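For what it's worth, the numbering used here labels the leading residue of the sequence shown as -15, then goes sequentially.
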Amino acid sequence: MSSHPAFHAGEQALQARAGVQAHMAQIGPRVMRDHMPDQHREFFGLLPFLVVGSVDAGGQPWASVVAGAPGFMDSPDPTHLQIRARPLPHDPLNTTLHDGAALGLLGIQPHTRRRNRMNGTARLEDGGFAVEVGQSFGNCPKYIQAREPVWTPEAPAGHLAYEGPGLDEASRELIRAADTFFIATAHPQATAPGGEARHGVDVSHRGGPPGFVKLEGEVLTVPDFMGNHFFNTLGNIAVHPAAGLLFVDFDRGDLLYVAVQAQVLWDGAELASFDGALRLLRMRVTHVRRVQGGLPLRWGPSEPSPQLAGLGSWSSR
-15 MSSHPAFHAG
-5 EQALQARAGV
5 QAHMAQIGPR
15 VMRDHMPDQH
25 REFFGLLPFL
35 VVGSVDAGGQ
45 PWASVVAGAP
55 GFMDSPDPTH
65 LQIRARPLPH
75 DPLNTTLHDG
85 AALGLLGIQP
95 HTRRRNRMNG
105 TARLEDGGFA
115 VEVGQSFGNC
125 PKYIQAREPV
135 WTPEAPAGHL
145 AYEGPGLDEA
155 SRELIRAADT
165 FFIATAHPQA
175 TAPGGEARHG
185 VDVSHRGGPP
195 GFVKLEGEVL
205 TVPDFMGNHF
215 FNTLGNIAVH
225 PAAGLLFVDF
235 DRGDLLYVAV
245 QAQVLWDGAE
255 LASFDGALRL
265 LRMRVTHVRR
275 VQGGLPLRWG
285 PSEPSPQLAG
295 LGSWSSR
């Protein structure tokens, strides 16, 4: 177990505001590991895809996805994960992945609602890359819509359909219909020389009823529900407000990468209007990249998370 604090100053500030800092100071060292337990090592080997958070040279985080037949990831020892896959065409990971890059990883099995998180540093290898663990920890299954992914190697390559500083109409339609997205954030030390891997990049899942992402112009507003009180995402935003979003069209395999500037709202009429929301995450779009097709996975039907029962919606205001 590491002698360092499990949570950085941004995460601690959010925990203090939520009234859970003392409690999390006790829990953190027990669940935030500097290695992967065997259960996590085996879990990554079962998956046909991996969500990856990275940061570009300008400090902008990006959320990405890599995919392969189950077994394309394996862990030769508790402090390393090998990924035998290359970034998809047009994915920002093509330019952010390099030796020593700070990465956040999310292994998620939607149909069983299992997920594990890890961050660390990358090393390029033939046919892929490896990640040395900085922090490894499990996550609760809340708000995951159950849909089973199947590796589909015959899927055609994607093509860049749109890129620009704002959302096009196809991007807006995908966001309005979404019940899931992924968000990458980073601590400022993620790109600093000698920065610590444990204060690196994080990537996580956000789920809700279809339409839970409110879109007004170039601003997205998302309810933040009861979670594990780690505040990895919101804590990073407190000290580095740039974030990267990834929306997936599970029917067509389209991918939407969105760079945003984010802030957390703790009160107000808008928050009060969404039953079950404890905070709001407001994000202003700064750059968009939409890739049509290209994700080599097919997805089974969706089964909504049982935790969504009793939560509100924007349309119920």
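All C-beta atoms in this analysis are idealised placements derived from N, C-alpha and C, irrespective of residue type, glycine included.
In this text the structure is predicted, and so the values were computed from the model without any measurement.
Evaluate Pro290 with the Cβ neighbour count: other Cβ atoms within 10 Å of its Cβ, from every protein chain shown; 16 or more gives buried, anything less gives exposed. So Pro290 ends up on the exposed side.
I need the DSSP call for His171, collapsed to helix, strand or coil. Correct three-state label for His171: coil.
To the nearest angstrom, report how far apart Phe258 and Gly148 are at their CA atoms. 31 angstroms
Going by the beta-carbon positions, is the gap between Ile167 and Leu199 smaller than 8 angstroms? no
Compute the Euclidean distance between the alpha carbons of Ser59 and Leu30, then round it to the nearest angstrom. 12 angstroms
Quick check: Val39 and Val49, are their CB atoms within less than 8 angstroms of each other? no
Assuming the contact rule is C-beta atoms closer than 8 angstroms, Leu229 and Ala47 should be a hit. Round their C-beta distance to whole Å, please. 6 angstroms
Does the beta-carbon of Val381 have 16 or more other beta-carbons within 10 angstroms, so that it is buried, or is it exposed? The chain is shown only over -15 to 301; residue 381 falls outside these bounds and no answer can be derived.
Could you tell me whether the region 130 to 139 touches the region 88 to 98, using the rule of 3 or more Cβ pairs below 8 angstroms? yes
For Gly55, count the other beta carbons within 10 Å of its own beta carbon; 16 or more makes it buried, fewer makes it exposed. Which is it? exposed
Taking the alpha-carbon of Ala145 as reference, which of Gln(-1), Leu34, Thr63, Val272 has the nearest alpha-carbon? Val272
Using 8 angstroms as the cut-off, can you tell me whether the region 101 to 109 makes contact with the region 250 to 264, which would need three or more C-beta pairs spanning the two stretches below that distance? no
If we ignore side chains and look at the alpha-carbon of each, how far apart do Pro172 and Leu218 end up? 14 angstroms
Uninterrupted alpha helix (DSSP H) stretches inside the region 66 to 151 (no shorter than 4 residues): Taking only runs of at least 4 residues, the alpha helix (DSSP H) segments lying wholly in the region 66 to 151 are 77 to 80.
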